[in-house]
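Accompanying notes for the structure given below.
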Amino acid sequence: MNAPIAPQRPSRALSDLNERSREIFRQIVESYLATGEPVGSKNIARIIPMTLSSASVRNVMAELEGAGLIFAPHTSAGRLPTQTGLRFFVDSLLEIGDVASDERERIEAQMRAAATRQTFDTALAEASALLSGVSRGAGVVVTTKSNARLKHIEFVRLDPVRALVVLVSDDGSVENRLLDLPPGLPASALVEASNFLNARVTGRTLGEVRAEIETRRADMERELDEITARLVEAGLATSVGSPSGRQLIVRGQANLLEDLRAAEDLDRIRLLFADLETQTDVIDLLTRSEEGEGVRIFIGSENRLFSLSGSSMIAAPFRDGQQRIVGAVGVIGPTRLNYARIVPMVDFTARVVSRLLEGGR
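The numbers in our numbering rise by one with no breaks, and the one at position 194 of the sequence shown is 205.
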């Protein structure tokens, strides 16, 4: 099973590359991903699976440089891929394998154990840590707090036109959301709305409760008067849809400090750490990965967040029991991430999270 990669914008000046040019370009990129160092024509001529002189390789490299796919970081140095080149490689040349069976079993077992022994948030933290360990980058997860399994919900009046929706999760965490009330709402409506929801929420997520009520609207309208039914819907909508309900989990930032090769590498990592501390921007970027099917890959300045640090992110969405996308898992690190290994790992981890949300604990 190959992990699907969500479509990105098309690369430029790439359809004209012949087989020889593509193979030389592939070797330049793979050398960069493995070592982080420029590679010269003599080394390329020695390792490509075809007979070419160094001079012929240099001619092809000049064409690739003219197409904006590679560049020379220093005079008389070898070549490195540009961000356009990396995008072309990822979209057109990257060969993605599968997650080894022993790794699949380990990921499922560790995440399932975390979800069973503790909470779903613990399982998400485990997913982030696992991805960090595999990638040697930072593992990241963004999700809504509506994924938590609930124990109790209550409407508490603050004043004549405002109430708190109090959500108690089965792990003991409490979340409060402000709700506007229609003028003159009787206190009995708040009690009835609380009782109606508490008969349905135990051990379930807000998304699951909301979906059931939407499909059984007639039952709710028979059981509750119109104003109380509207209160139930408003309370669920406020809780499920609030932007503040997004949370970010990051693990493995220390991995990013390994294998630094120069002072500019340390400067780049410092900038990346600053990016990760700006949680709202990271959440916004991860949320973009929820816009389509498959794995999304964001490279360097293609996104505003990583424009200075020159980092990459690989992310995939996960779904709840109603097949709605409710979050994303991913890896953030330098542009020379091991894409071939990390893409299927991120995809598989997202699928495991989805299965846990569907109740397959």
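Glycine included, every Cβ here is placed at the ideal spot set by N, Cα and C. The model shown is predicted, which means the values in this text are computed figures rather than measured ones.
| said: With a threshold of 6 Å on Cβ separation, who are the neighbours of E137 within its own chain once the five nearest residues in sequence on each side are excluded? | reply: Q121, M122, A125.
| request: Can you give me the start and stop residues for the beta strand (DSSP E) that R233 sits inside? | output: In the DSSP annotation of this structure, R233 is not part of any beta strand (DSSP E); the continuous alpha helix (DSSP H) holding it starts and ends at 228-234.
| Rounded straight-line distance, which links the Cα of P92 to that of P355 | If I take the Cα positions, the gap works out to 23 Å.
| message | Judging by CA-CA distance, which residue of R227, S139, R262 is the nearest neighbour of T360? | response | T360 has its Cα closest to that of S139, out of R227, S139, R262.
| field | Short Cβ contact (8 Å threshold) for V340 with V152 | value | Yes.
| task | State buried or exposed for V167, treating a residue as buried only when at least 16 other CB atoms are found within 10 Å of its CB. | result | Under this definition V167 is an exposed residue.
| query | Whose CA, out of P60, R57, R90, lies closest to the CA of T46? | reply | That would be R90, whose Cα lies nearest to the Cα of T46.
| How long is the line joining the alpha carbons of A326 and I336, rounded to whole angstroms? | Their Cα atoms are separated by approximately 13 Å.
| query | Out of V306, T291, E30, G338, which has the shortest C-alpha to C-alpha gap to L316? | reply | For L316, the closest of V306, T291, E30, G338 by C-alpha to C-alpha distance is T291.
| request: Select from S365, S312, Q334, R307 the residue whose C-alpha is nearest the C-alpha of D102. | output: Of all alpha-carbon atoms in S365, S312, Q334, R307, the one lying nearest the alpha-carbon of D102 is that of R307.
| field | V110 - DSSP class collapsed to helix/strand/coil | value | Coil.
| query | Mapping DSSP to helix, strand and coil, what is Q258? | reply | In the three-state reduction of the DSSP assignment, Q258 falls in the strand class.
| Best match in A78, Q38, I59 for proximity to P49 [C-alpha to C-alpha] | The candidate whose alpha carbon is nearest that of P49 is Q38.
| said: Quick check: the Cα distance between L28 and G148, rounded to an integer number of angstroms? | reply: Taken atom to atom, the span from the alpha-carbon of L28 to that of G148 is near 32 Å.
| request: Determine whether the Cβ of G341 lies closer than 8 Å to any Cβ atom of chain B. | output: Looking at the structure shown, chain B is missing, and only one protein chain is on hand.
| said: What would DSSP say about I224, mapped onto helix, strand or coil? | reply: In the three-state DSSP reduction, I224 falls in the helix class (H, G or I).
| field | Three-way DSSP call (helix, strand, coil) for I280 in this model | value | I280 falls in the helix class under three-state DSSP.
| DSSP beta-bridge partners of M324 | Under DSSP, M324 shares a beta bridge with F309, I343.
| message | Measuring CB atoms only, is the segment 185-203 touching the segment 230-242, in the sense that at least three cross pairs come out at less than 8 Å? | response | At 8 Å Cβ cutoff, the stretches touch.
| task | In the DSSP assignment, find the alpha helix (DSSP H) that holds E41 and state where it starts and stops. | result | From DSSP, the alpha helix (DSSP H) with E41 extends over 30-46.
| field | Pick from D278, E302, M61 that is closest to R33, judged by C-alpha positions | value | Of D278, E302, M61, the residue nearest in Cα terms is M61.
| said: What does the alpha-carbon distance come out to for the pair L259 and R228? | reply: So the alpha carbons of these two residues sit roughly 33 Å apart.
| said: Among the candidates G79, N266, R211, L348, whose CA atom is the shortest distance from the CA of D230? | reply: Per the C-alpha coordinates, the member of G79, N266, R211, L348 positioned closest to D230 is R211.
| task | Return the CA-CA distance between Q334 and E304, expressed in angstroms with no decimal places. | result | If I take the Cα positions, the gap works out to 12 Å.
| message | So if DSSP puts E165 in a beta bridge, which residue, or which two residues, is it bridged to? | response | DSSP, once it has assigned bridges, lists V177 as partnering E165.
| said: Let me confirm a value: T216 is counted as buried when at least 16 other C-beta atoms fall within 10 Å, else exposed. Which label applies? | reply: Label assigned to T216: buried.
| With DSSP run on the structure shown, which of helix, strand or coil describes I238? | Helix.
| task | Could you tell me how far apart the beta carbons of E165 and S205 are, in whole angstroms, since I believe they sit closer than 8 Å? | result | Yes, E165 and S205 are in contact; Cβ-Cβ is about 5 Å, under 8 Å.
| message | Using a 10 Å radius around the Cβ and a threshold of 16 neighbouring Cβ atoms, would you call E225 buried or exposed? | response | Exposed, because fewer than 16 other Cβ atoms sit within 10 Å of the Cβ of E225.
| From what residue to what residue does the alpha helix (DSSP H) around S139 run? | Unbroken alpha helix (DSSP H) run through S139: 131-146.
| message | Given a cut-off of 8 Å on the beta-carbon distance, is the pair V342 and L348 in contact? | response | Yes.
| request: Return helix, strand or coil for E203, following the three-state DSSP convention. | output: Three-state result, E203: helix.
| Which of helix, strand or coil DSSP assigns to V251 | With a pLDDT of only 45 at V251, under 50, the local geometry of the prediction cannot be trusted, and the value read off the model is given with reservation. The answer is helix: DSSP assigns V251 an H, G or I state.
| query | Between Y350, G332, A351, which lies nearest to R362 when the distance is taken from Cα to Cα? | reply | Looking at the Cα atoms, G332 is the closest of the given residues.
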